[in-house]
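Protein chains: 2
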Amino acid sequence: MRLLVVEDEVRLARAVQRGLQAEGFTVDLAHDGRAGLELARKGRYDVVLLDIMLPELSGYRVVQALRAERNWVPILLLSAKDGEYDQADGLDAGADDYLTKPFSFVVLLARLRALLRRGARERPAVLIAGDLRLDPAARTVTRGETAIALTTREFALLEYLLRRRGEVVGKAELLEHVWDALTPPEPNVVEVYLGYLRRKIDAPFDRRALTTVRGAGYRLEADGG
Amino acid sequence: MRLLVVEDEVRLARAVQRGLQAEGFTVDLAHDGRAGLELARKGRYDVVLLDIMLPELSGYRVVQALRAERNWVPILLLSAKDGEYDQADGLDAGADDYLTKPFSFVVLLARLRALLRRGARERPAVLIAGDLRLDPAARTVTRGETAIALTTREFALLEYLLRRRGEVVGKAELLEHVWDALTPPEPNVVEVYLGYLRRKIDAPFDRRALTTVRGAGYRLEADGG
DNA sequence: CGCGCGGCTCAGCGTCCCCTCAGGTTCGGG
DNA sequence: CCCGAACCTGAGGGGACGCTGAGCCGCGCG
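Read top to bottom, the protein sequences are chains E and C. In terms of this note's numbering, the first sequence opens at residue 985 and continues consecutively. In terms of this note's numbering, the second sequence opens at residue 985 and continues consecutively.
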């Protein structure tokens, strides 16, 4: 579960971040409205915690902007003042809930869980490169019409490469993101798994989507090979 | 739009009723938990406003009872005290939102609208995947022409998977949503019940609607297998 | 009271996956 | 052409994961 916390009060932001991380969430931070909007656009978060009073761009505007782009990520507003119109306006602009500062961590958690339960049942976008398709939600991969069965690790690797298709991705970066960073395995696993992927998504179709860039890493061709 | 207001403080209840009627809602009243539960069961309301402190049956219990019956009417809790655990418990019991008394009418309206917006999105009457049909209201399941008898737990599990058909649903998520989170059972029950379901809805028909995605969870195929 | 049923736990088993290792191959530089 | 570095690949061990049959418990009912 990935959360985004947009909050200009740095101490509070960090406290919330630590608490939520302790609960097992992955938490990104932004400290002003513009940065928050940027991140929310790209980040595919499960929930966004959004302060109303923000420098650069108010939380209210951020909600408006996201909704205008048909981005339905669940938004939990944080409001310092309890001026009722602010909150009501925020909700009408498309936020899903709000909390009044100061709030207790227990309440925050309960609200978050409620939002997550509810979910923005909008599916994450399908990743595509040529005729190669990967659906993160359904956890399926197809090339043309044929479905391809991948193991967990293979899937994670291909998803990462697809998200950065066209770019060269270093072996170290793959190790860090696709494998758990705690006890890093032999770098050789990357080669091994690239081999597995090639045999599943390239060889049977006589294609070459996965390119080795000697000394630099690997690249998934944007056109699918 | 029909609303139900369950509130023992008669003057407040009537005030809210008048206000909401002025906004164009149809508003029924109940003044204790038992009557509220009765009405909520039969009434097909779009939203229920529910006081937590109620004679006969607390609002918290009413939520529990309705959710246990898989009645997903959107519920907005009204709480007099602001003891955080009450609100958190209420939300965890399945309420959708809460307001702390005293609340302003503007905020109440905004929250209501947020709930209505949300509520309208989901909750289709009958869930379908291929020739597999599940009717939550009638509590029936059929595959093609044949009716299938399921136990309570099997039904709940299948319903959840159907609501997210095509997506992979993690074991933890199933535990959290299909089983009560209070005393979480062994994760193995999920496997056990998936086995039961397979024997009832897949094996007799020589189909494979329920797919295991090793390391990730289970997926109910959108086309029914 | 005995019985059946539904819900759950447990332990055993088979399978699949992940990772390592070692030997082979390719590539580029000198 | 030679050499080393980088990469590929087949084989295999060990562990994680999921499935299933057996069994226990509580409950409702005849």
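Beta carbons are placed, not taken as given, at the ideal position from N, Cα and C, and that holds for glycine. Here the structure is a predicted model, which is why all the values come from computation and not from measurement.
C-beta neighbour in chain E for residue i, strict 8 Å
{"i": "E1151 (chain C)", "result": "yes"}
{"i": "A1006 (chain C)", "result": "no"}
{"i": "R973 (chain C)", "result": "Here chain C covers residues 985 to 1209 and nothing more, so residue 973 (chain C) does not appear."}
{"i": "D1210 (chain C)", "result": "Residue 1210 (chain C) lies beyond the stretch modelled for chain C, which goes from 985 to 1209, so this question has no answer here."}
{"i": "A999 (chain C)", "result": "no"}
{"i": "L1204 (chain C)", "result": "no"}
Of the listed residues the options, nearest to residue i (C-alpha basis)
{"i": "A1133 (chain E)", "options": "E:A1140, E:L1141, E:T1124", "result": "E:T1124"}
{"i": "L1004 (chain C)", "options": "C:L1033, C:E1138, C:P1188, C:L1142", "result": "C:L1033"}
{"i": "D1035 (chain E)", "options": "E:R1028, E:Y1029, E:A1014, E:A1131", "result": "E:A1014"}
{"i": "R1028 (chain E)", "options": "E:E1007, E:P1120, E:L1093", "result": "E:P1120"}
{"i": "V1110 (chain E)", "options": "E:R1182, E:R995, E:A1122", "result": "E:A1122"}
{"i": "E1007 (chain C)", "options": "C:G1199, C:L1092, C:T1135, C:A1200", "result": "C:L1092"}
{"i": "V1031 (chain C)", "options": "C:L1146, C:V1173, C:L1099", "result": "C:L1099"}
{"i": "L1146 (chain C)", "options": "C:L1118, C:R1097, C:R1191", "result": "C:L1118"}
{"i": "T1136 (chain E)", "options": "C:A1200, C:Q1048, C:Y1044, C:V1174", "result": "C:A1200"}
{"i": "P1086 (chain C)", "options": "C:R1183, C:E993, C:A1187", "result": "C:E993"}
{"i": "R1198 (chain E)", "options": "E:E1175, E:D1164, E:L1050", "result": "E:E1175"}
Same chain, Cβ closer than 6 Å to residue i, five either side skipped, listed in chain order
{"i": "G1208 (chain E)", "result": "A1113, G1114, D1115, L1116, A1193"}
{"i": "E991 (chain C)", "result": "A997, D1035"}
{"i": "L1141 (chain C)", "result": "V1162, Y1177"}
{"i": "V1000 (chain C)", "result": "V989"}
{"i": "P1058 (chain C)", "result": "V1031, D1080, L1099, G1103"}
{"i": "V1173 (chain E)", "result": "none"}
{"i": "F1089 (chain C)", "result": "G1003"}
{"i": "R1182 (chain E)", "result": "L1194"}
{"i": "R1191 (chain E)", "result": "G1209"}
Cβ of residue i within 8 Å of any chain C Cβ
{"i": "A1113 (chain E)", "result": "no"}
{"i": "T1136 (chain E)", "result": "yes"}
{"i": "D1081 (chain E)", "result": "yes"}
{"i": "R1123 (chain E)", "result": "yes"}
{"i": "E1068 (chain E)", "result": "For E1068 (chain E), the pLDDT reaches just 47, beneath the cut-off of 50, and the residue's location in the model is therefore unreliable, although a value from the coordinates is still provided. For E1068 (chain E), the answer is yes, since a Cβ of chain C falls inside 8 Å of its Cβ."}
{"i": "A1064 (chain E)", "result": "no"}
{"i": "A1098 (chain E)", "result": "yes"}
Same chain, Cβ closer than 8 Å to residue i, five either side skipped, listed in chain order
{"i": "R1095 (chain E)", "result": "L1060, D1081, L1083"}
{"i": "Y1144 (chain E)", "result": "V1153, L1158, H1161, V1162"}
{"i": "V1290 (chain C)", "result": "Outside the shown range of chain C, which is 985 to 1209, sits residue 1290 (chain C), and nothing can be said about it."}
{"i": "S1042 (chain C)", "result": "G1017, I1036"}
{"i": "T1167 (chain E)", "result": "none"}
{"i": "A1131 (chain C)", "result": "T1124, V1125"}
Contact set for residue i: own chain, Cβ-Cβ below 7 Å, skip 5 residues either direction
{"i": "Y1180 (chain C)", "result": "E1138"}
{"i": "T1196 (chain C)", "result": "Y1202"}
{"i": "R1127 (chain C)", "result": "D1115, L1116, I1185, F1189"}
{"i": "P1171 (chain C)", "result": "K1155, L1159"}
{"i": "E1040 (chain C)", "result": "D1016, G1017, R1018"}
{"i": "V1011 (chain C)", "result": "L987, V989, Q1001, L1004, Q1005"}
{"i": "P1169 (chain E)", "result": "W1163"}
For the structure I just gave you, are there three or more beta carbon pairs, one from the region 1190-1205 of chain C and one from the region 1146-1160 of chain C, closer than 8 Å?
yes
Where in the region 996-1061 of chain E do unbroken runs of the beta strand (DSSP E), each at least 3 residues long, occur, reported from the N-terminal end onward?
1010-1014, 1031-1035
Entirely enclosed alpha helix (DSSP H) segments - the region 1088-1153 of chain C, minimum 4 residues
1089-1105, 1136-1147
To test your reading of the DSSP string, which unbroken beta strand (DSSP E) runs of 3 or more residues are found completely within the region 1149-1205 of chain C?
1194-1197, 1201-1204
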